[in-house]
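Q: Please see the structure below; I have some questions.
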Amino acid sequence: MTTETPLELKKTVNLPKTNFAQKANLAQAEPARLKRWSELNLYQLIRESRRGRDKFILHDGPPYANADIHLGTALNKIVKDFVVKSRTMLGYDAPYVPGYDCHGLPIELFVDKKLGAKKANMPPVSVRRACREHATEALKRQTRDFQRLGILGLWENPYLTMSNQYEAETARLFGRFVERGYVYKGARPVYWCVYDQTALAEAEVEYREHTSPSVYVKFPLASDPSEIDPALAGRKVFFLIWTTTPWTLPANLAIAVNPNFEYAAIENGGEVYVVAGELVETVASKCGLDAPQVVARFPGAKLDRLECRHAWLERKSLVILGEHVTLGGEADAETELDVKDARDKSATSKAGTGCVHTAPGHGHDDFVIGKQYGLDIYCPVDHAGRFTAEVEHFAGERVFEANAKIVEFLKERGALLFSENYNHRYPHCWRCKNPVIFRATPQWFISLDARAAEPVVEQDEDGRDLANFTDNETDAPVSLRAGALREVEQSVEWIPAWGEDRMRNMLKGRPDWCVSRQRVWGVPIPAFYCAGCDEAIADASVIKHVADIFERETSDAWYAREAQDLLPAGFACPKCGATAFTKETDILDVWFDSGSSCVAVLKHYDELQFPADVYLEGGDQYRGWFNSSLMVGLAAHDRAPYRTVLTHGWVVDGQGKAMHKSAGNSVSPNDVIKQSGAEIIRLWCASSDYHEDMRCSDEILQRVSDAYRKMRNTARFALGNLDGFDPARDTVGTSELLELDRWALAELDDVIAKVRKAYEEYEFHSVFHELYNFCTVTLSARYFDIIKDRLYTAAPRSHARRSAQTALHRIADALARLLAPVLVFTADEIWENLPRAEGDAEKQFASVHVAEFPTPAGLRDAELTARWDNLFTTRDVVLGKLEEARVAKLIGSSLEARVVFSLPVDGEMLPLLRSYASDLRYLFIVSQVELRESTEPHDKNSVLKIERAEGEKCERCWSYSTRVGESARYPTACERCVEALGEIEREGGAS
RNA sequence: CGCGGAGUAGCUCAAUGGCAGCAGCACCCGGCCGAUAAUCGGGCGACGGAGGUUCGAUUCCUCCCUCCGCGACCA
């Protein structure tokens, strides 16, 4: 039907139209969408849609429920969300149960501060209640923030390490370690305040200036000196040690030397002293040796297990090897006490001898090496800082006051070579400000080298026969260390791969796990002491009984109930038969808590399973959660609790420096959310390679926002041009598509394949760059720019336009899905604005997050791609020439141009261009293209010329044509538009 | 100091034993004014430093420098 009057040309142009706003307004739009999701119960909707699919379990490492979230926490959770969402869209059933780490020192300290002096008079139950409240409040705030970031999960039922069920399981797992014979009671040095008479955490220690006596002490060699060097045969040889804590000398059990250093024996006044070769001069001048003569040199390694006599006691002091021994001197390992000082490495004068006084009961390094050499963890100092009765000459003395007396004593005995006052930074109690000591106290340990009792014979979920979890040679059960190494090397995949080295190194060197803490906010160690014989009782069946009580009442029961109310009825001491007991007062290391999650969570939530597919945390967790979880997994099920361990880097500032609130270089996620939206943080997480440190700064966030805008507008263009497109009615069959549209869909196939692969391999930055590049280069700058003319000016229902729309629809649909794990809000918004056919199966998906990733449509065509690559290269050349013409003021818009090629007849280009002759003007976005045969020798400058287009500018499509004016009805339109207008008139108007 | 990691343009990423990318963004210049607080084009620009292996290294090796994490009853 032809309309009466000619159409108004402007109104016949199909301009984009969509509800998908150009301005995202994320700060407002995101909360609104979150509300919709929550009304939809989106997380459950996804769960239901995946019922029966293969499971994929990412087990959440619990963040500490103390402070508000920072950018690092946000990164951690967002990357996890990438994993869960992408796995879901790959078709898996991927539940996400978030958790919180609720026990531990920071909360207790926070509560301490809040309670102040009141705390001293409060029963532990009350303190614990305050801690519980604090944790609850903090985790609520964190939950709110995590949800705001668009992270979907079981937020209404997260796991809490302080829940009754969890605490009970933690206790049971401790029982499991006991049952398998890994648990023992031993001693270990901790910071100890002799005034407050309490153990201190490192966090409760502050370093202040302090003056200590610095002493050089002789330890006579008891072994045959000729074992070291023949030159020493028959001489009086001494090892010379240095310390700033003379009071630890009575506890000396060894002298450590570095196996890699060279040592020297120097003679002075008839005596021979062994010191590090490099320190000969220093020591000689310090101690005022007149004529020191080096009589022998030998490697430290040669001194291993020689025996000295204690400087004054009738006791051996073993010479041992330790890499911790330094030449720096200041701290040396005489005790761990002033190790901070050593790290400062400022201009402190050198002190020390390279022979390190070692008292395993009074120093951390000393303890570690002492364990290695099987030394006693000897600590003849009581809780008030007094020497015990067994210490000759000084029994009952307070150690700090004893210092001077010991120096005097050493001098009298001739064991002292030199002494002076020494200023250094020394740890002090933060509460009473007095200097603290390192003191061995009774602790509970989990042995890494004890062989497990009761090897478990069962099959795990992977069908691995766990009876094999033994030493292959001897068929004996292996130790935790050996088992851990085996899992690390053989059954866990580490991403990045160096994680394996790191874990292995860590496991090889680590000492037994001290799991006891002298605190109240945690899971109590369910052990008892016999009132009759003082026997420590850690018994698996008793622990089970206690755990059941925890299950009902939380572990507060430990403090609320008396020992007999916690023990099974009629329990008697297995050793002496007594029936009265006291309770252990220590609690478990919080790492034991969180490590327990692989059982307490994976086995207790129906939707989860042990082992998890993936653990994903920051690199700090190799020593932390990865490690403690591995121990628990081994104790409970003889295998690692994870199949794959992913690590992310640390968040650093724009210069690559660590972020600190105090340095003022930190970026607060909540600020970014307020300003730009959570989506920008998410996109930032995807824009960088999270395996390494992630830089974040205002500039970087600005770049990310720019990228967001670009992708958003790309999607918006597609959606805008799909106005009136009904996929069911209007989709053009693949074989009917215009070649350019087919090319675009082939490119899309390529992107889909690459992005899917990147998601599968957890390479989220590749996802981002792939999609971003696709949006900017392939779509925005090329495809969209070219088809714009067709979309706008072809008749709305024309095949040419439908062909483009078919491609656009697929592209927008794929973009929404592929972006969904990253841009959770925007992808959903695209999804919402995508035209859907009635009865379209996808329509049931209330959100893109229920959908799956697209799969390539099989349109990749190497020949077609090669041809178009060629055409696009030509296009780039033309574009360059057009710019030249523009600079020369020949043209403004490219439509004012006519492109003239002069190409050799025998070349490849001419036939190619000829076969696309009618498409070239659209490809180059010019009005006319002329192809001439050139007989001249190849001349670069004459191949391509830009001229002014011929004819008049068409009012409708803005192209130039000599045929404008031919139509009486539309005198300002070109022939192409006249045809389109006729079509429009026949169809009766727009779309 | 030990263990582990990283260092490609202002920013975020690539690739490669042979002149580092169709890089994108930023920046500069210009076009368009029918993706318009959008979009298109052009320009600009880099292998931390020093050795070594090699015909040739950004890529392999060694050392150095810088930065990050762990080495804490903090996470």
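Numbered per our numbering, the first sequence spans residues 640 to 1630. Backbone N, C-alpha and C define an ideal beta-carbon position, used for all residues, glycine too.
1) Along the chain, where does the alpha helix (DSSP H) containing Leu602 start, and where does it finish?
2) Enumerate in chain order the residues of its own chain whose CB-to-CB distance from Ser1118 is below 8 angstroms, with the five nearest sequence positions on each side excluded.
3) In terms of DSSP beta bridges, what is Glu1047 paired with?
4) At the level of alpha carbons, what is the spacing between Tyr1555 and Val1544?
5) I'd like to know if the segment 1484-1492 and the segment 1446-1465 are in contact, where contact means that at least 3 CB-CB pairs between them fall below 8 angstroms.
6) Extract the residue ranges of the alpha helix (DSSP H) inside the segment 1290-1315, only unbroken runs of 4 or more that lie entirely within it.
7) Where do the N-terminal and C-terminal ends of the beta strand (DSSP E) with Lys955 fall, by residue?
8) Quick check on Lys1528: does DSSP put it in helix, strand or coil?
9) Closest to Leu791 by CA distance: which of Pro734, Lys758, Ala666, Tyr823 is it?
10) State buried or exposed for His698, treating a residue as buried only when at least 16 other CB atoms are found within 10 Å of its CB.
11) Beta strand (DSSP E) containing Gln932: first to last residue?
12) Could you give the DSSP three-state label for Lys1520: helix, strand or coil?
13) Any chance the segment 1392-1402 sits against the segment 725-733, with 3 or more Cβ pairs inside 8 angstroms?
14) Sorted by chain position, which residues of the same chain lie with C-beta nearer than 6 angstroms to Pro1493's C-beta, five sequence neighbours on each side aside?
15) Taking the continuous beta strand (DSSP E) assigned at Glu1586, which residues delimit it?
16) Could you spell out where the alpha helix (DSSP H) holding Thr809 opens and where it closes?
17) Is it right to say Thr1221 is buried, meaning 16 or more other beta carbons lie within 10 angstroms of its own, or is it exposed?
18) The beta strand (DSSP E) with Cys1068 in it runs from where to where?
19) By how many angstroms is the C-alpha of Ser1541 removed from the C-alpha of Ser1581?
20) Give me the residue from Cys1212, Lys1242, Ala1211, Arg1200 with the minimum Cα distance to Thr1224.
21) Can you tell me whether Tyr735 is helix, strand or coil according to DSSP?
22) Among all the DSSP beta bridges, which residues are the ones paired with Gln1567?
23) Quick check: what's the CA-CA separation for Ser862 versus Val934?
24) Should the segment 752-768 be regarded as contacting the segment 1252-1259, the criterion being three or more beta carbon pairs within less than 8 angstroms?
25) Taking Met801 as the reference, give the member of Glu1192, Gln781, Ile1450 with the closest Cα.
26) Distance check for Ala1302 and Pro1165, CA to CA, integer angstroms please.
27) What are the boundary residues of the beta strand (DSSP E) that Ala915 is part of?
28) Please tell me whether Ile880 and Val995 are closer than 8 angstroms, where the distance is taken between their beta carbons.
29) By Cβ distance, which residues of its chain are closer than 8 angstroms to Asp1424, with the 5 residues on each side in sequence left out?
30) Measuring straight from C-alpha to C-alpha, what distance separates Thr997 and Asn891?
31) Spell out a yes or no on whether the segment 930-948 and the segment 881-889 are touching, meaning 3 or more CB-CB pairs, one atom from each, closer than 8 angstroms.
32) Look at the Cβ atom of Tyr834, then the Cβ atom of Asn1073, and state whether they are nearer than 8 angstroms.
33) Could you say which of Asn1509, Ala777, Lys650, Thr850 lies nearest to His1067 if we only look at CA atoms?
34) What is the rounded straight-line gap between the Cα of Ala1028 and the Cα of Glu962?
35) Exposed or buried, what is Ser1268 when buried is set at 16 or more other beta-carbons lying within 10 Å of its beta-carbon?
36) Express the C-alpha separation of Phe1413 and Asp980 in angstroms, rounding to a whole number.
A: From the atom records:
1) With the chain represented from 640 up to 1630, any question about residue 602 goes unanswered, as that position is not in the structure.
2) In the first sequence, counting from the first residue as 1, residue 1118 sits at position 479. Apart from sequence neighbours up to five positions away, the residues of its chain that approach Ser1118 with a beta-carbon distance below 8 angstroms are Ser1086, Leu1087, Asp1088, Ala1089, Arg1090, Ala1091, ordered along the chain.
3) Stepping through the first sequence from its first residue, residue 1047 is reached at position 408. DSSP output for Glu1047 lists no bridge partner at all.
4) For the purposes of this step, residue 1555 is taken as the residue at position 916 of the first sequence. For the purposes of this step, residue 1544 is taken as the residue at position 905 of the first sequence. C-alpha separation (whole angstroms): 16 angstroms.
5) yes
6) 1308-1314
7) By 1-based counting over the first sequence, the position of residue 955 is 316. Counting along the chain, the beta strand (DSSP E) containing Lys955 begins and ends at 955-960.
8) Within the first sequence, numbered from 1, the residue matching residue 1528 stands at position 889. Here Lys1528 sits in coil by DSSP.
9) Residue numbering aside, residue 791 sits at position 152 when the first sequence is read from its first letter. Per the Cα distances, Pro734.
10) The residue given as residue 698 occupies position 59 in the first sequence. Buried.
11) Within the first sequence, the letter at position 293 stands for residue 932. Gln932 -> beta strand (DSSP E) spans 932-938.
12) On the first sequence, residue 1520 is found 881 positions in, with the first residue counted as 1. In the structure shown, Lys1520 sits in a helix (DSSP, three-state: H, G or I).
13) yes
14) Translated into the one-based positions of the first sequence, residue 1493 becomes position 854. Hits under 6 angstroms: Ile1391, Ala1453, Arg1456.
15) For the purposes of this step, residue 1586 is taken as the residue at position 947 of the first sequence. That run of the beta strand (DSSP E) goes 1583-1587.
16) Taking the first sequence and counting its residues from 1, one reaches residue 809 at position 170. Run containing Thr809: 803-818, per the alpha helix (DSSP H) assignment.
17) The sequence position of residue 1221 within the first sequence is 582, counting from 1. Looking at its Cβ environment, which holds fewer than 16 other Cβ atoms inside 10 Å, Thr1221 is exposed.
18) For the purposes of this step, residue 1068 is taken as the residue at position 429 of the first sequence. Taken as a continuous stretch (DSSP letters only), the beta strand (DSSP E) holding Cys1068 covers 1055-1068.
19) Numbered from 1 along the first sequence, position 942 holds the residue referred to as residue 1581. Numbered from 1 along the first sequence, position 902 holds the residue referred to as residue 1541. One C-alpha to the other measures close to 7 angstroms.
20) Counting from 1 along the first sequence, the entry for residue 1224 is found at position 585. Among Cys1212, Lys1242, Ala1211, Arg1200, the Cα nearest to that of Thr1224 belongs to Arg1200.
21) Residue numbering aside, residue 735 sits at position 96 when the first sequence is read from its first letter. Tyr735 falls in the coil class under three-state DSSP.
22) Within the first sequence, residue 1567 is the residue found at index 928, counting from 1. Per DSSP, Arg1537.
23) Along the first sequence, read from residue 1 onward, the residue named residue 862 stands at position 223. Along the first sequence, read from residue 1 onward, the residue named residue 934 stands at position 295. Straight-line Cα distance between these residues: approximately 18 angstroms.
24) no
25) To locate residue 801, count along the first sequence from 1; it is residue 162. If we check each option's Cα against that of Met801, Glu1192 comes out closest.
26) Taking the first sequence and counting its residues from 1, the one referred to as residue 1165 is at position 526. Taking the first sequence and counting its residues from 1, the one referred to as residue 1302 is at position 663. The straight-line gap from Cα to Cα measures roughly 43 angstroms.
27) For this step, residue 915 is matched to residue 276 along the first sequence. Looking at the DSSP string, the run of the beta strand (DSSP E) that includes Ala915 is 910-915.
28) Looking up residue 880 in the first sequence gives position 241. Looking up residue 995 in the first sequence gives position 356. Yes, these two residues count as a Cβ contact at 8 angstroms.
29) Against the first sequence, residue 1424 aligns to sequence position 785. For Asp1424, where only same-chain residues beyond five positions count, the Cβ hits under 8 angstroms are Ile1564.
30) Counting from 1 along the first sequence, the entry for residue 997 is found at position 358. Counting from 1 along the first sequence, the entry for residue 891 is found at position 252. Each residue's alpha carbon lies about 6 angstroms from the other.
31) no
32) In the first sequence, the residue the question calls residue 834 occupies position 195. In the first sequence, the residue the question calls residue 1073 occupies position 434. Contact flag set, yes.
33) Position 428 of the first sequence, counting from 1, holds the residue named residue 1067. His1067 has its Cα closest to that of Thr850, out of Asn1509, Ala777, Lys650, Thr850.
34) Residue 1028 sits at position 389 when you count from the first residue of the first sequence. Residue 962 sits at position 323 when you count from the first residue of the first sequence. The straight-line gap from Cα to Cα measures roughly 34 angstroms.
35) The residue labelled residue 1268 in the question sits at position 629 within the first sequence. Under this definition Ser1268 is a buried residue.
36) If you number the first sequence from 1, residue 980 lands on position 341. If you number the first sequence from 1, residue 1413 lands on position 774. With a pLDDT of only 36 at Asp980, under 50, the local geometry of the prediction cannot be trusted, and no value is derived from it.
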